[in-house]
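Written out below as C-alpha cells is the structure these notes cover.
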Amino acid sequence: MTQACVTAPFGRRSAPVRSIERSGPYTFLRALDAAGPKPRAGQFYMLQTARGWGGGDDGRPYLPRALSFARVEQVNGGLELTYFLESVGPGTARLAACATGEELLIAGPFGNGFDLDRTRPPVLVAGGVGLAPIVALDDKIRKTDGARSTVLVGMRDGERAAAITKFGVECGIATEDGSAGHAGYVTALLERELEDGHDSTVYACGPPAMLEAVRALCSEREVPCQLALESGMACGYGACYGCVVPTVDGYARLCVDGPVLPGDKLETAIVKGAGH
Amino acid sequence: MYGGPVKIFGAELAHPVVNGSGTFDALAARRVFGEQLDARFPFAAYVSKTITLEPRPGNPPPRLWELGQGMINSIGLPNKGLARFIEEDLPAYAMLPAPLIVSVMGFSGDELAAAVEALGERSEILAFELNFSCPNVETGNIVGSSPEETAAMTSLLRGRTEKPLIAKLSPSSARPDQIALAAEQAGANAVSLINTLPGMAVDPSGGGPWLGGGGGGMSGPAVRPVALAQVSRVAEAVEIPVIGMGGVSCGRDAREMLDAGATLVGVGTENFRDPAAGERILAELRELNQSSVERK
Numbered sequence: 266m267t268q269a270c271v272t273a274p275f276g277r278r279s280a281p282v283r284s285i286e287r288s289g290p291y292t293f294l295r296a297l298d299a300a301g302p303k304p305r306a307g308q309f310y311m312l313q314t315a316r317g318w319g320g321g322d323d324g325r326p327y328l329p330r331a332l333s334f335a336r337v338e339q340v341n342g343g344l345e346l347t348y349f350l351e352s353v354g355p356g357t358a359r360l361a362a363c364a365t366g367e368e369l370l371i372a373g374p375f376g377n378g379f380d381l382d383r384t385r386p387p388v389l390v391a392g393g394v395g396l397a398p399i400v401a402l403d404d405k406i407r408k409t410d411g412a413r414s415t416v417l418v419g420m421r422d423g424e425r426a427a428a429i430t431k432f433g434v435e436c437g438i439a440t441e442d443g444s445a446g447h448a449g450y451v452t453a454l455l456e457r458e459l460e461d462g463h464d465s466t467v468y469a470c471g472p473p474a475m476l477e478a479v480r481a482l483c484s485e486r487e488v489p490c491q492l493a494l495e496s497g498m499a500c501g502y503g504a505c506y507g508c509v510v511p512t513v514d515g516y517a518r519l520c521v522d523g524p525v526l527p528g529d530k531l532e533t534a535i536v537k538g539a540g541h
Numbered sequence: 183m184y185g186g187p188v189k190i191f192g193a194e195l196a197h198p199v200v201n202g203s204g205t206f207d208a209l210a211a212r213r214v215f216g217e218q219l220d221a222r223f224p225f226a227a228y229v230s231k232t233i234t235l236e237p238r239p240g241n242p243p244p245r246l247w248e249l250g251q252g253m254i255n256s257i258g259l260p261n262k263g264l265a266r267f268i269e270e271d272l273p274a275y276a277m278l279p280a281p282l283i284v285s286v287m288g289f290s291g292d293e294l295a296a297a298v299e300a301l302g303e304r305s306e307i308l309a310f311e312l313n314f315s316c317p318n319v320e321t322g323n324i325v326g327s328s329p330e331e332t333a334a335m336t337s338l339l340r341g342r343t344e345k346p347l348i349a350k351l352s353p354s355s356a357r358p359d360q361i362a363l364a365a366e367q368a369g370a371n372a373v374s375l376i377n378t379l380p381g382m383a384v385d386p387s388g389g390g391p392w393l394g395g396g397g398g399g400m401s402g403p404a405v406r407p408v409a410l411a412q413v414s415r416v417a418e419a420v421e422i423p424v425i426g427m428g429g430v431s432c433g434r435d436a437r438e439m440l441d442a443g444a445t446l447v448g449v450g451t452e453n454f455r456d457p458a459a460g461e462r463i464l465a466e467l468r469e470l471n472q473s474s475v476e477r478k
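Same order as they appear, the protein sequences are chains A and B.
The opening residue of the first sequence carries number 266 in the numbering used here; numbering runs sequentially from there.
The opening residue of the second sequence carries number 183 in the numbering used here; numbering runs sequentially from there.
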C-alpha cells in the first residue's frame, strides 16, 4: 500500500470544541484545527482535554485517546474535524462531556488511512463508532471525487442507527435488534452485495468480530479488503510499541503501519486488547 | 541556573533533557512529523530503544494498561537485532541533531560484549546505556538487582570498549546505591535510573493477567516519588553523573530531579502524551529560573 504523505505538526496543539451534539449513546464532537493539514480518510488523532483529563474511573484517563475523524470541512480559521464517539470508558466519557468552547489538545493526523483503489467499485462497511472513518472515506469518494460508493452500516439498535441520518450518508442498514433495516449483522448485507460481482474492493471499520467476519468473507471470495483496526494506544506516533497486532509479516504497530491493514496481511482481526 | 549546557562524556550537551530508552522512536517520529522534528528535536542526546544481538518480536498483545497516573507496559524489547540495527538504523540515527546513546541488552555477558564490540568503533555513538533492568524479559532484573552481577557485567564490558558506559539501574533493589557503587567501581561512567517498576494488571473479564507478557513495567507520574528517592540516594553514593528519570512530566518535575542530584533528566512516558514533551519541559525548566514557583 502507498503510505500517506500527510505530515503531522510536531507536538500537540490546542483545538477548541466548536459544537457537541448527542444522538442516543453517540456524541458528535466538532473541533477547530487551526494548524493541521487536511487528513486522509482513515487517519486518526490523539485527543485529550486541556483541563480535567484524569480523575474519572480509577483516576483515569491519563493517556490521550485515538479517534479517527469522521468529517473534515474547511471553515473560517482552519479545519473543522468531526469525531464520532460513544462513551465506553473514562477517556470517551470525558470527551463526550466536553462543552462548546472547551479546549482540546490534539496531535495528528496519524496513521496511513485508506488507500482508495479507483479501478474497483468501493464497498464500505461500518459497525458502530467504526462509522467515523467510513463517513470520511465516503465523503472523499462522493463529494471530492464525484464517484459512486456502496455503504453498509451495522448498528446494535435503532437508537444508534438514528445517528447515521445525522451524517446524511446513503446506506444499507442492519440492526441487531431489527428495529431498522435488515435484522441481523451488517455482514449479511455485505454477503448479498458481493454475490453480484467480485470486482469490488471492501473498506471496513467496526468491532473486531465484524472486521473478522468481513475479512473471512472477502478472503473466501478473493475480494481485496482494507480493514481499519483499533487497539489501545499510548502515543499514536510509533514511540511506545503498545498497539501491535499480529500480521503475516510479524507484529505491526497500528499507529504507524496502520490503522488500515490489507485483509490478506491478517490471519484474524480478533486480537485481545484491540477494539477498546 | 537550570536548563543550561551540560558537560558529560567529553561532550557538551545543549541542555539536560534527554529521553528514556524506548519512549521515543526518533526514526518513526521523523516519518510522522517530517523535518520539523530535526528543527525542534526535543532532546539534548537521544537514547535509542534497546537493541539485542538477535532480533526480537516483543511480547504478544495486549501490551498496555492505563493507570490514573501512569501506565503498565509489556512491550518486551522488540528490535531488529544488532546486524540490521547497524545496517539500517545507525546511519539514520547519525543524522539526528543530537548525540546518540545506544541502549544494549544481552541474555549473557558474551551477547552484551558482542554488541558493544561491534558498535564500539562507530563514531556516531557517544555512549552505551547498559539495560540491566528491563522487567519485561526473563533475565531483565537479575543483573540489575545484584551488586556482584552488575560489577561483573560492567567490568566485562569495560574491557571491550573505550566508549562511556551508562548502567541503567533497576528500581527493584532495596539498595540502589550499592548497585550504583558497584557499577562505578567496575568502570561505569554514569548510571541512569529508574527503569519501570514491575507491575501487573488483571484482565477485567476475569481471572488471569491482562498483559500478554504476564506482568509489565509501571511508569508515569505515579512512580516519580520512587524515582526521586532512588536518584537522591544514588547521587549521594557515587561520584559519576546520574541520569534521573521516572514520571517527569513538567519543568518543575525536571527541576526536582536535578535538585535530587541528577546531571541529566530523562523524559519517558510523558512523550506518549505529548510528542514535544522534551521541548516543553525544557522551556518550563528554564522559566523556573525567572521566578520561584511554589508547589501548588
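Glycine residues also receive a C-beta, built at the ideal position from the N, C-alpha and C atoms.
Quick caveat: nothing in here was measured; it's all calculated off a predicted structure.
Residue 438/A and residue 446/A have their C-alpha atoms some 5 Å from each other.
The Cβ atoms of residue 473/A and residue 539/A sit closer than 8 Å to each other. For residue 248/B, at least one C-beta of chain A is nearer than 8 Å to its own C-beta. Here residue 192/B carries a coil assignment [DSSP, helix/strand/coil]. In the structure shown, the three-state DSSP call for residue 460/B is helix.
In the structure shown, residue 298/A adopts extended strand secondary structure according to DSSP, grouped into three states.
Only those residues of the segment 501 to 513 of chain A whose C-beta falls short of 9 Å from the nearest C-beta of chain B are listed: 501, 502, 503, 504, 505, 506, 507, 508, 509, 510 and 511. For residue 215/B, the closest alpha carbon among the candidates 412/A, 275/A and 435/A is that of 275/A. In this structure, the CA atom of residue 281/A is about 10 Å from the CA atom of residue 364/A. From the beta-carbon of residue 253/B, the residues of chain A found nearer than 7 Å are 327, 328 and 499. Within chain A, the residues 272, 273, 375, 502, 503 and 521 have their CB atoms less than 8 Å from the CB of residue 214/B, given in chain order. Nearest to residue 358/A by alpha-carbon distance, out of 314/A, 393/A, 379/A and 374/A, is 314/A. One finds 276 and 277 in chain A with Cβ atoms closer than 7 Å to the Cβ of residue 456/B, taken in chain order. When beta bridges are read from the DSSP output, residue 490/A appears opposite 467/A.
In this structure, DSSP gives residue 377/B a state outside helix and strand, which the three-state scheme calls coil. Residue environment: residue 307/A is assigned as buried (16 or more neighbouring CB atoms within 10 Å of its CB, all protein chains considered). Note: residue 292/A is bridge-paired with 287/A and 350/A in the DSSP secondary-structure output. For residue 310/B, the uninterrupted beta strand (DSSP E) segment begins and ends at 307 to 313. With a threshold of 16 other beta carbon atoms within 10 Å, residue 211/B meets it and is buried. At the C-beta level, residue 374/A and residue 468/A stay beyond 8 Å of one another. Counting the other CB atoms within 10 Å of its CB gives residue 366/A a total below 16, which places it among the exposed residues. The beta carbon of residue 303/A sits no closer than 8 Å to any beta carbon of chain B. Here residue 247/B is bridged, per DSSP, to 254/B. In this structure the segment 497 to 508 of chain A does not touch the segment 442 to 461 of chain A; the number of beta carbon pairs closer than 8 Å is below three. Under the 10 Å beta carbon count, residue 197/B is surrounded by 16 or more other beta carbons and is classified as buried.
No residue range can be given for residue 198/B, since it is assigned to no alpha helix (DSSP H) and is classified by DSSP as neither H nor E. For the pair residue 203/B and residue 371/B, the CB atoms are not nearer than the 8 Å cut-off.
Only residues of its own chain outside the window of five on either side were considered, and among them 256, 392, 393 and 394 have a CB closer than 8 Å to the CB of residue 244/B, listed in chain order. Counting along the chain, the unbroken beta strand (DSSP E) around residue 338/A starts and ends at 330 to 340. For the options 282/B, 420/B, 422/B and 438/B, the alpha carbon positioned closest to that of residue 428/B is the one of 438/B.
If only complete runs of 4 or more residues are kept, the segment 417 to 469 of chain A shows the alpha helix (DSSP H) at 423 to 432 and 451 to 460, in order along the chain. By the Cβ neighbour-count rule, residue 412/B is buried, with 16 or more other Cβ atoms within 10 Å of its own. Beta-bridge partners of residue 233/B (DSSP): 286/B. Proximity of residue 435/B to chain A, defined by a Cβ-Cβ separation below 8 Å, is not satisfied. Shown here is that no member of the segment 262 to 287 of chain B has a Cβ falling below 9 Å from a Cβ of chain A.
Scanning 452/B, 276/B and 217/B for the CA closest to the CA of residue 435/B turns up 452/B.
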